[in-house]
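Numbering (the numbering used here), first residue to last: 15 to 505. Note that the Cβ used here is the ideal one computed from N, Cα and C, for glycine as well. Accompanying notes for the structure given below.
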Amino acid sequence: MQFSKYQEAIFDFGVNGTGNAVIKAVAGSGKTTTLVELIKRILAARPSTSVVFLAFNKSIQVELSKRGVNAKTFHGLCYGPVTRARKVKEVDSDKMYKVIEARLGEVEGKIYGSFLERLVGLGKQVGIGCLVEDTAQAWIDLVQHHDLELENDQADMGTAIRYASKMLDASNKSELVNFDDLLYFAVKDGISLPKFDLVLVDEAQDTNAIQRAIIRKILAGGGRVIAVGDPAQAIYGFRGADSESINLIKSEFDATELPLTVSYRCPQAVVRHAQQWVSHIEHAPSAPEGKVASLDKWDHSVFAANDLVVCRTTAPVISLAFKLLRSNVQANIIGKDIGKGLKSLIRKLNAKGVDNLQGKLDAWREREVEKAIAKRQEAHAEAIRDKHYAISFLIESLPETDRSVPALLGLIDRLFADKSNAVLLSTIHKSKGLEARRVFWLNSSRCPARWVTQDWQREQEINLCYVATTRAIEELHLIEEDGYNEHKRAA
């Protein structure tokens, strides 16, 4: 295989250089291939080097393991040492629910429970209590950064902040362990982790403070860190990833910056389209011209199996998937957790039937949007409207012969069920890591969102445009939901 000048510079740094490095890689630049080759060359030069590749998720870890790489996820790396130290056999994903209910009781637990689960989880990711002092201001900063809002009218933010510190303390004293704890306890409790001479970090733009602390823990004396990521693909700030993750790694580890700017995935036309957001992305010398086009009139017949449709929000994805299935076109929505979230809201509203559900859903939207707008939380308001539209559409789509809540829940299950030879539909967030020969970007005119209020949100909204564009291997088609509706009405 012939490698680019950027890849050869990375190999030379790894084999002959010293110190740490941050590789800024564009979408489709072959970063995994580059890192695997780097490991081979380093081990050929220094066979005794102990190496670990910290993969972003389980699927990447499995793929790399098949290629002979010692790959671990952050959680996988910490799982054994932490569960042994805490003397538990497995993690409990319901831990915080149990801790909150036990400490606050049923009434207060209902008022503050879901908010505290989210906030305490974020607190662990930034290291409150071990990397950051457990103060009211630390919790307030998290709430403001993530635009968190209380979900119950009876809740009070000051009380919630006080409860957050108490729930973190209760969690630390609990005999249970959840997934956030695997990294948090490894750092807070000083639990011993294996050491490595070379630590490779994938998707570095999505790391958080506790993960960077893990990197420091596992780095052997005199060891090296080589982190790779794309700042323009940082889109998980809402999960707790630092928006400046790569720069923070560069600063904390005094790392040299190396570029990896040639995209081997995208054709020339797609690269030119992506350059409006990331000017330094290049196409490969042998890249075909490809295609970027706007489709003003379209219907289900434009899609073929394995096409990828991406959209900023969920409701248009669900609407299109249903219309495709109704037209006997196989469709699969990526992201079963989205379906679970819709079902959870439906059950929470505790309606007696779909007509009653629609009324409760409308009241929920009006109430929650009003509260969000009053607090200038436009992101949350958009998410509320998105869920409302999605569920309302599905209610309208139920057949007259079975308009029931169980039928609605079953319809959601079918939309999110895996199918072969299907059109794939996804939010842009869920599409990261995916690619397809043909990509359809639904409602591209509505991205980036206009509601953003914070700089990190604005940056990540722009990054979503870049991520959507660079999923395309051959063709990128820009389509609008209204165009589809107009076409159907005309038909």
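Where residue i sits in the DSSP three-state scheme
{"i": "Val36", "result": "strand"}
{"i": "Val134", "result": "helix"}
{"i": "Leu412", "result": "coil"}
{"i": "Ala486", "result": "strand"}
{"i": "Val65", "result": "strand"}
{"i": "Thr46", "result": "helix"}
{"i": "Ser277", "result": "strand"}
{"i": "Leu309", "result": "strand"}
{"i": "Cys325", "result": "strand"}
{"i": "Glu271", "result": "strand"}
{"i": "Ile405", "result": "helix"}
{"i": "Glu296", "result": "strand"}
{"i": "Ile154", "result": "helix"}
{"i": "Val191", "result": "coil"}
{"i": "Leu57", "result": "helix"}
{"i": "Ala145", "result": "Looking at the sequence provided, one finds Leu at residue 145 rather than Ala. Three-state DSSP puts Leu145 in coil, outside helix and strand."}
{"i": "Leu493", "result": "Looking at the sequence itself, residue 493 is Ile, so the reference to Leu does not match. If DSSP states are grouped into helix, strand and coil, Ile493 belongs with the strands."}
{"i": "Ala318", "result": "coil"}
{"i": "Leu162", "result": "coil"}
{"i": "Asn186", "result": "helix"}
Proximal residues to residue i (C-beta, below 7 Å), its chain only, five neighbours per side dropped
{"i": "Arg460", "result": "Arg326"}
{"i": "Ile360", "result": "Leu371, Ile405, Val419, Leu422 and Leu423"}
{"i": "Met171", "result": "Leu164"}
{"i": "Ala35", "result": "Phe27, Ile240, Ala269, Thr270 and Leu272"}
{"i": "Ala335", "result": "Ala345, Ile347, Leu429 and Leu439"}
{"i": "Ile401", "result": "Checking the sequence, you will find Lys at residue 401 rather than Ile. The residues are Leu356 and Leu359."}
{"i": "Val383", "result": "Ala395, Ile398 and Arg399"}
Distance, residue j Cα to residue i Cα
{"i": "Ile125", "j": "Ile154", "result": "19 Å"}
{"i": "Ile352", "j": "Ser440", "result": "10 Å"}
{"i": "Ala319", "j": "Glu489", "result": "15 Å"}
{"i": "Lys103", "j": "Leu196", "result": "13 Å"}
{"i": "Gly254", "j": "Glu414", "result": "Note that Gly254 has pLDDT 43, beneath the 50 cutoff, so the model's placement of it is unreliable and the number below is only indicative. Straight-line Cα distance between these residues: approximately 44 Å."}
{"i": "Lys109", "j": "Val134", "result": "12 Å"}
{"i": "Asp148", "j": "Arg279", "result": "45 Å"}
{"i": "Gly204", "j": "Leu262", "result": "22 Å"}
{"i": "Asn435", "j": "Lys311", "result": "24 Å"}
{"i": "Leu425", "j": "Leu408", "result": "8 Å"}
{"i": "Asn166", "j": "Ala178", "result": "16 Å"}
{"i": "Lys264", "j": "Ile228", "result": "16 Å"}
{"i": "Arg399", "j": "Gly373", "result": "15 Å"}
{"i": "Ser185", "j": "Asn342", "result": "49 Å"}
{"i": "Ala301", "j": "Ser62", "result": "39 Å"}
{"i": "Pro95", "j": "Val105", "result": "13 Å"}
{"i": "Tyr403", "j": "Arg55", "result": "53 Å"}
{"i": "Lys187", "j": "Arg117", "result": "12 Å"}
{"i": "Ala223", "j": "Gly141", "result": "7 Å"}
{"i": "Ala234", "j": "Phe317", "result": "51 Å"}
{"i": "Gln289", "j": "Ser458", "result": "16 Å"}
{"i": "Glu115", "j": "Gly123", "result": "5 Å"}
{"i": "Ala377", "j": "Lys362", "result": "13 Å"}
{"i": "Ser411", "j": "Arg340", "result": "10 Å"}
{"i": "Ile295", "j": "Asp244", "result": "11 Å"}
Under 8 Å between C-beta atoms of residue i and residue j
{"i": "Gly236", "j": "Val213", "result": "no"}
{"i": "Tyr480", "j": "Trp291", "result": "yes"}
{"i": "Ala345", "j": "Leu338", "result": "yes"}
{"i": "Val324", "j": "Ile175", "result": "no"}
{"i": "Gly143", "j": "Thr484", "result": "no"}
{"i": "Lys38", "j": "Ile260", "result": "yes"}
{"i": "Leu456", "j": "Ile487", "result": "no"}
{"i": "Phe17", "j": "Leu52", "result": "no"}
{"i": "Leu136", "j": "Leu156", "result": "yes"}
{"i": "Asn192", "j": "Ser128", "result": "no"}
{"i": "Gln247", "j": "Asn477", "result": "yes"}
{"i": "Val242", "j": "Asp220", "result": "no"}
{"i": "Lys138", "j": "Asp194", "result": "yes"}
{"i": "Pro59", "j": "Val29", "result": "Rather than Pro, the amino acid found at residue 59 in this sequence is Ala. Cβ atoms of Ala59 and Val29: closer than 8 Å."}
{"i": "Val368", "j": "Arg417", "result": "yes"}
{"i": "Asn71", "j": "Thr48", "result": "no"}
{"i": "Leu274", "j": "Val437", "result": "no"}
Close Cβ partners of residue i (< 8 Å) along its chain, the five nearest in sequence each way excluded
{"i": "Ile232", "result": "Val66, Leu91, Leu207, Pro208, Lys209, Phe210 and Val213"}
{"i": "Leu78", "result": "Thr46, Val50, Phe67, Ala69 and Ala85"}
{"i": "Gln282", "result": "His297, Ala301, Pro302, Glu303 and Gly304"}
{"i": "Glu22", "result": "none"}
Close-in-space but distant-in-sequence residues of the same chain around residue i (CB under 6 Å, 5 per side omitted)
{"i": "Arg463", "result": "As written in the sequence, residue 463 is Ala, which differs from the Arg given in the question. Around Ala463: Glu475."}
{"i": "Ala298", "result": "Val276 and Tyr278"}
{"i": "Ser333", "result": "Phe407"}
{"i": "Phe267", "result": "Asn34 and Val239"}
Ordered list of beta strand (DSSP E) runs contained in the stretch 207–260, each at least 3 residues: 210–215 and 233–243
Start-end ranges of the alpha helix (DSSP H) lying completely within the stretch 426–483, minimum 4 residues: 442–445 and 469–483
Alpha helix (DSSP H) segments (min. 4 residues) lying fully within the stretch 330–397: 350–363 and 368–388
Secondary structure, beta strand (DSSP E): runs of 3+ residues fully inside the stretch 74–104: 85–87
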